[in-house]
Amino acid sequence: MKELLPLKKSGTIAVIGPLAHARENMTGTWSVAARFSESVSVLDGLQKAAGNQYRVFYAKGSNLDADSAIEARSTLFGKSLSRDKRSESQLLNEALQVANKSDVIVVAAGEGAEMTGEAASRTSIDIPETQRNLIQALLKTGKPVVLVLFTGRPLTLTWENNNVPAILNVWFGGSEAGDAIADVLFGDVNPSGKLTATFPQNVGQIPLYYAHKNTGRPLNGPWFQKFQSNYIDVSNEPLYPFGYGLSYTKFEYGDINLSKNEITPTDSITVSIPLTNSGQRDGQEVVQLYIRDMVGSVTRPVKELKGFQKIALKAGETKTISFTIKSRDLSFYNSDLKFVAEPGDFQLFIGGNSRDVKQANFTLK
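This is how it looks when you write it as structure tokens:
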């Protein structure tokens, strides 16, 4: 399927959603001193970028939540979305009218600024149902849909991942959010961000994080296996792993090269890997180094992030990326609270996220 992003600066764009023109929500929680009315919304940013190149149509489409009480709790401290008193069907019909006269749809949805943070727990981390209904209806128009996702935490986005052709996670970008979002949507900036948290397939997987301890019966091989550490209804994998993030270009990792296979506590290893920008655009990739201590006097995580580098590559360019590993990188606090590196075998991983990695092995003598 042809990639939807970046968008072309031509034709007509529908900007739809309860967070499309929500200036007060751009700064997120813990922003009580911000001048909310001066923030740039998604609609503001796209209109500013338009000039005479394309036309922008707007409709709210839905409220943040069908329940007015929940919305009120989610938009405190001057961050109101000016709740629309029309019915859900009236809001949706207006959105569909706008969508049907547009070439592409940008729907701004997700959480309000005060849906996350202190004293803002949720039992469900789905996108609120009224917003998902809006997205479903917009997809049925057959027009290409881009979801601009506002959130202050990982959400369960399995349905959105399977049905929406493009998702741009913008968190809460601050007072200039709308301009920054427009820059990325139109490709003036090639995105290079990586997730600092793991996104689950569903809420029942929580807690879910890349640096977990191994289990007594780890799953080896394909899911599902009886009497192993797995669920019967969903795999152990997250929807989006720690360190995940896409670009408008593609990066290919070569094989890992180690300067040696053994080190002593006073020695070091140089680890290198070729990285190629195999796409058509210049871009930046965050190369991530993870290590696993195979056996420890106390249980060790299955992976630990030990280093990363943000590398700029022109289209077609290849660079060799190097990391230096010393015994301190292998150390941890033991049961006596001493920071030690214990002799033994280690696994090393390099890749663009914590899941999709190349692997090598070495030993600390």
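Take the sequence shown: its letters are residues 798 to 1162, numbered as in my numbering.
All C-beta atoms, glycine included, are put in the ideal place defined by N, C-alpha and C.
Only a predicted model underlies this, so the values are computations on that prediction, with no experimental measurement involved.
task: Tell me whether the beta-carbon of residue 1056 lies closer than 7 Å to the beta-carbon of residue 1067.
output: yes
query: From residue 860 to residue 801, what does the alpha carbon distance come to, in whole angstroms?
result: It is roughly 26 Å from the alpha-carbon of residue 860 to the alpha-carbon of residue 801.
message: Quick check: residue 847 and residue 853, are their CB atoms within less than 7 Å of each other?
response: yes
- prompt: My guess is that residue 1149 and residue 1082 are in contact by the Cβ rule of under 8 Å, so how many angstroms apart are they, rounded?
  reply: 6 Å
field: Secondary structure of residue 1078, DSSP reduced to three states
entry: coil
task: Under the assumption that residue 803 contacts residue 1045 (Cβ atoms under 8 Å), give the Cβ distance between them as a whole number of angstroms.
output: The beta-carbon separation of residue 803 and residue 1045, rounded to 6 Å, stays under the 8 Å limit for a contact.
CA-to-CA distance, residue 899 to residue 808, given in whole angstroms: 8 Å
message: As an exercise, report each continuous alpha helix (DSSP H) stretch of at least 4 residues that is fully enclosed by the region 857-945, in chain order.
response: Taken in chain order, the whole alpha helix (DSSP H) runs of length 4 or more contained in the region 857-945 are 865-870, 885-897, 926-936.
query: Are the region 872-885 and the region 936-948 in contact at 8 Å, needing three or more beta carbon pairs?
result: no
- prompt: Taking residue 1074 as the reference, which of 946, 805, 1053, 1116 has the closest Cα?
  reply: 1116
message: Any contact between the region 903-917 and the region 819-835? By contact I mean 3 or more CB pairs, one from each, below 8 Å.
response: yes
Burial state of residue 970, where buried means 16 or more other Cβ atoms lie within 10 Å: buried
query: Measuring CA to CA, which of 973, 901, 897 is closest to residue 819?
result: 973
Beta-ladder partner(s) of residue 1117, from DSSP: 1071
message: Please state whether the Cβ-Cβ distance between residue 1154 and residue 1118 is less than 7 Å.
response: no
Top-ranked residue by Cα proximity to residue 924, from 824, 992, 953: In terms of CA proximity to residue 924, 953 leads the group 824, 992, 953.
field: Coil, strand or helix - residue 814 by DSSP
entry: coil
task: Going by CA-CA distance only, name the one from 918, 1086, 869 that's closest to residue 1102.
output: 1086
message: Can you give me the C-alpha to C-alpha distance between residue 815 and residue 905, rounded to a whole angstrom?
response: In this structure, the alpha-carbon of residue 815 lies about 7 Å from that of residue 905.
task: Name, in chain order, the residues that DSSP records as bridge partners for residue 819.
output: Note: residue 819 sits in no beta bridge, so no partner.
field: 6 Å CB neighbourhood of residue 821 in its chain, flanking five on each side removed
entry: The beta carbon of residue 821 sits closer than 6 Å to the beta carbons of 833, 876 from its chain, once the five residues preceding and following it are set aside; these are given in chain order.
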